[in-house]
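If you count the sequence shown from 1, position 59 lands on 42 in my numbering, and the numbers rise without skipping.
All C-beta atoms in this analysis are idealised placements derived from N, C-alpha and C, irrespective of residue type, glycine included.
The structure presented is a predicted model; accordingly, all values stated were derived computationally and were not measured.
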Amino acid sequence: MIGLLIICHCDLGREFLNAAELILGKLESADAISITLNTESEEILKTIARKIKALDKGKGVLVLTDMFGGTPSNLSLSFLKEEMVEVLTGVNLPMVVAVAQDRYSMTLEELGEKAKQAGIRSIALAGKLLKSE
């Protein structure tokens, strides 16, 4: 199984996990890190390293962050390691659900791509979408 770590501003990551567990049930090897104004970068880096190690069950860890260029993403990028740690930005709930469902049967690269596609497919401008039907 691939580990899942969500790193976001405030408690957004924890709430994504809570919502995914409401839909799917308890998630194993999944955790979140909250970035706040009071959190020091060195402390966050140590926490990320510790959680990646704890979540890795031998198939790697997928790190989801809220937005590219933000502190969660920037700090996570230093942990990129081929076939061990991948970072995907722009996390949304469909992405988390897709990852949670397929962590047992895919490689880290495949899971990252599936998560990316699930995130993209879930974005819709409802007014325009409903007009076209």
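- Under the DSSP assignment, S12 falls outside any alpha helix (DSSP H); it carries neither an H nor an E label.
- Contact check for E66 against G43 passes: the beta carbons are separated by less than 8 Å.
- The segment 26 to 65 contains, as complete beta strand (DSSP E) runs of 3+ residues, the segments 44 to 48 (chain order).
- The segment 0 to 11 makes no contact with the segment 55 to 69; the number of CB pairs closer than 8 Å stays below 3.
- Judged by DSSP secondary structure, I(-10) falls outside any alpha helix (DSSP H) and instead within the beta strand (DSSP E) spanning G(-14) to H(-8).
- Ranking G110, R86 and A101 by CA distance to the CA of D39 puts R86 first.
- Rounded to the nearest angstrom, the gap between the Cα atoms of S17 and M89 is 27 Å.
- A distance below 7 Å between beta-carbons, with the five flanking residues on each side excluded, links L94 to the following residues of its chain, in chain order: I(-15), L45, V82, D85 and R86.
- Between the alpha carbons of N57 and F51 lies a gap of roughly 7 Å.
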